[in-house]
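Scroll down for the structure; my scribbles are underneath it.
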Amino acid sequence: MGSAAAVQRFIEQHTPACDTWGTGPSGHGNTKAQYAAQRGWHGPPYVCLQNYHENPNNGETSFDRGGGAFPGGINAGQIIWDAAQRYQINPQVLLVTLRKESAGPLFADSWPLRSQYKYAMGYGCPDSGPGYSANCDNEKAGFYKQVNKAAWQLRKYRNEIQNYNYQPGRVNRILYNPNPACGYRDVYIENYATASLYIYTPYVPNDAALAAYPGTAHCGAYGNRNFFYMFREWFGSTHVNSTLLRSHDNATVYLVSDNVKYPVPNYDILAALSPLGGVGFVSQAYLDKIPTGQVANRLMRSPDGTVYFYDSGIRLAFTTCAMVAQYGMDCGNSMLLTEAQVNKFYHGPRMGHGYKTTSGKRFYIQNGTRREVLDDKSLALQQYDQGYNVLGESAIQYLPYGTPIVREAAVVRNRDTGHQKLISNGTLHNIRHSEYVDQTLQSLGGGVLQQESINKLPQTSQTVDDYVKNPAGETFLITNQGKKKVTKPQDIPVSPLSLSDETVRSLPGTGALDDVVTLKSSDNGTVYVMESRQKRPIVAMEDVFAITKTERPAIAWLSGETIRKIPSGNVVFAPGKMVKAPSNGTVYVSDGYDTLIPLSHFDQAADLGVNGAIRQVDDRVVEKYKVSNRVLSPYVSCEGRSYLGMGGTLYELHLPSQNPYPLQSKTCAMLTKEAKLPQFVGDPGGTIYHLKNGTLHPIRSWQKFVELNKEKLPIVKISYITVSLLAKGELI
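Under this note's numbering, the first residue of the sequence shown is numbered 264, with each subsequent residue one higher.
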């Protein structure tokens, strides 16, 4: 069918004689024209396909110009031929599409109506109307538009096949019917032409529809079924090929080239050879006369000697036989194809070490193995080429897995199971998953590997969790703020896991935990303070703020599992806080994390600077504290130095005749200290004293105080208890 005239002759040979004026019997007791009038259809002329002409410039048709040819109009054969040439579509495909899509169909109708030409190719008519009926776009109506748009669409499918759901060379899930409830079938689409037909008419016939041809069946769809049978009826087999051949007696398929036949060993290679066409059937005697060559592989050689790797419809040239050897093959073992056969494959880039599969796996092909690549950074660190050709994985299935290309301080995820491991010291470590471990390790990056690749790497049973150390012995907790250095590792009775220096350095997070180490479980709200290698639950957040001396404490959030490994101690109040139990009226001041000091009078607490509300706590909590056998005194000692509490501040002062109460260092750290004694103090009764060398000198009058206080220094208020502890001097 090599011309417009040939197409037109074909149409004339396959359409009935035309009743242009509707004078023939309608089968309803009147003429066709009379019957059309009864139905409200237009009158003659009725234009048959063989007589149809249309002016592409203004849309005028034979219906407007007397039923046949007219100046400026071109016939249906010319319209189909021009569209076929413009978009490089086989005109046979357009003819069969017209037959299966047109109402009537036009090839069988002796008095077609104008409306039958509007959507003759079914273009722009998706099955989105009521009850899955055709919902045609009026902008796409008209025979000339329909033929050209259908050809354009089929070419677009071929050129942009990657943008559509149905792809050649793979199994595709295709519905039986516009109604999804009818189900689907998984269909292997061999080539671009078949894929285009399924995209154009996106349904596959079910068994009932196939058996009922040319009739209908429940849940049937008939477009692709009809295309197949109609094409075969008009033009013969859809599998005419002289390159890929087999006999009816033997299932072996051969690639025949230059009078040599190469046995095709498996379906993957057969699919990769699909650009050469479908498989044709010949006699076994014919095949036996052709010399048999090597088993077909992934190497083809053109007549000019260039060796190519082929897959996915692409040929990729090897620049050296050394690169061929990297792929575990030999230049001398390539199949010699004709230039025409080679040219059926798209010319792709050159072959290199990098190979990326269409599913996203990355390999570095080296020394006859496929080395899976964790990520691009792994390649860069080992100074390997980073380019990839994207091809099917089946093309390199013959290569065994080699040692994967990985890097230090990266997370490896098993593609099959999803399990993750950390690479440190070149070895895979298990990961104990928790919110902050996962959050911290995720920042390291990494990638996905097959189990076969993972098996090639050294592995240990050791598990990474919240507590790690570097080779220098520095320890770190993995917290909600990343890694934090532990300045007092002796306080944490858990053994850290040793990781490489690079791994530890790569973990996000800076700085160290506070001297007062506070911890919190990610699955519990309790905050703990570390004391004597025990975790001590802190009663309330105000105690946390007091212990850490900030309202924004750096609390290390750890996994519940790590927290549970640390031995537990008694609950903790902040040192220097007043508490009492419901069972008695005694008020205590907390001293350190383990002692309660009875308070005989609130003045003692006020002079020392112990203030705030009195917290009532459970008797069981108080029972776990040691209660001092002495009451609290304003005169205390802190780490060997004596202080007297006056007005809420500790002033360093030695009272030879008094025995100071020894406060723990944690309590002392909570209290305000001052080295320089105040010069003027006042008791609750209003007496003002001049304090000199630890002795109180009463001042006789306000006028005398003003005279002495030339610097206008403040009067520090003290209790009678504190007054009683100081020596008394003469009246001033």
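Just so it is clear, CB atoms sit at the ideal spot from N, CA and C, and this is done for glycine as well. Since we're looking at a predicted model, the values are computed, not measured.
Could you tell me the distance, in whole angstroms, from the CA atom of residue i to the CA atom of residue j?
| i | j | result |
| --- | --- | --- |
| residue 882 | residue 859 | 13 Å |
| residue 730 | residue 888 | 31 Å |
| residue 523 | residue 541 | 18 Å |
| residue 479 | residue 491 | 16 Å |
| residue 284 | residue 386 | 29 Å |
| residue 723 | residue 790 | 34 Å |
| residue 527 | residue 560 | 8 Å |
| residue 512 | residue 547 | 7 Å |
| residue 691 | residue 765 | 15 Å |
| residue 603 | residue 357 | 26 Å |
| residue 1021 | residue 770 | Because residue 1021 is not part of the residues shown, which for the chain are 264 to 995, the question remains open. |
| residue 747 | residue 973 | 53 Å |
| residue 272 | residue 627 | 58 Å |
| residue 944 | residue 875 | 23 Å |
| residue 969 | residue 916 | 26 Å |
| residue 333 | residue 395 | 39 Å |
| residue 997 | residue 607 | Only positions 264 to 995 of the chain appear in the structure, and residue 997 is not among them; the question remains open. |
| residue 702 | residue 572 | 43 Å |
| residue 532 | residue 329 | 58 Å |
| residue 890 | residue 744 | 39 Å |
| residue 509 | residue 517 | 6 Å |
| residue 924 | residue 732 | 42 Å |
| residue 716 | residue 426 | 32 Å |
| residue 291 | residue 418 | 44 Å |
| residue 672 | residue 684 | 10 Å |
| residue 326 | residue 393 | 31 Å |
| residue 481 | residue 448 | 15 Å |
Which whole-angstrom value is the C-beta distance of residue i and residue j, which I expect to be below 8 Å?
| i | j | result |
| --- | --- | --- |
| residue 620 | residue 655 | 7 Å |
| residue 842 | residue 880 | 5 Å |
| residue 870 | residue 897 | 4 Å |
| residue 214 | residue 984 | No answer is possible for residue 214: the residues shown for the chain start at 264 and end at 995. |
| residue 738 | residue 752 | 4 Å |
| residue 725 | residue 760 | 6 Å |
| residue 497 | residue 410 | Their Cβ separation, rounded to whole angstroms, is 17 Å, which puts residue 497 and residue 410 out of contact at 8 Å. |
| residue 347 | residue 353 | 7 Å |
| residue 664 | residue 719 | 7 Å |
| residue 837 | residue 810 | 5 Å |
| residue 709 | residue 675 | 6 Å |
Quick one: residues in its chain with C-beta nearer than 7 Å to the C-beta of residue i, no 5 flanking neighbours on either side, listed in chain order?
| i | result |
| --- | --- |
| residue 274 | 312, 313, 339 and 340 |
| residue 807 | 781, 790, 801 and 816 |
| residue 839 | 852, 853, 873, 930, 933 and 934 |
| residue 996 | No answer is possible for residue 996: it lies beyond the span of the chain, which begins at 264 and ends at 995. |
| residue 754 | 780, 793 and 796 |
For residue i, which residues in the same chain have their Cβ closer than 6 Å to its Cβ, ignoring the five residues on either side in sequence?
| i | result |
| --- | --- |
| residue 433 | none |
| residue 415 | 350 |
| residue 266 | none |
| residue 446 | 439 |
| residue 688 | 763 |
| residue 335 | 318 |
Measure the CB-CB distance between residue i and residue j and report whether it falls below 8 Å.
| i | j | result |
| --- | --- | --- |
| residue 935 | residue 911 | yes |
| residue 801 | residue 835 | yes |
| residue 908 | residue 899 | yes |
| residue 940 | residue 989 | no |
| residue 466 | residue 441 | yes |
| residue 651 | residue 618 | yes |
| residue 382 | residue 388 | yes |
| residue 957 | residue 918 | yes |
| residue 475 | residue 486 | no |
| residue 700 | residue 728 | yes |
| residue 855 | residue 927 | yes |
| residue 373 | residue 279 | yes |
| residue 667 | residue 704 | no |
| residue 962 | residue 971 | yes |
Between which residues of its own chain and residue i is the CB-CB distance below 8 Å, once the five residues before and five after are set aside?
| i | result |
| --- | --- |
| residue 376 | 299, 304, 305 and 309 |
| residue 775 | 747, 748, 749 and 750 |
| residue 846 | 882 |
| residue 997 | Because residue 997 is not part of the residues shown, which for the chain are 264 to 995, the question remains open. |
Three or more C-beta pairs below 8 Å linking the region 670-680 and the region 578-588: no
Taking 8 Å as the threshold, find out whether the region 783-798 comes into contact with the region 820-828 through three or more Cβ pairs. yes
For the structure I just gave you, are there three or more beta carbon pairs, one from the region 415-433 and one from the region 453-462, closer than 8 Å? At 8 Å Cβ cutoff, the stretches touch.
So, do the region 581-601 and the region 631-645 have three or more beta carbon pairs nearer to each other than 8 Å? yes
Sufficient close CB pairs (3 or more, under 8 Å) joining the region 596-610 to the region 636-653: no
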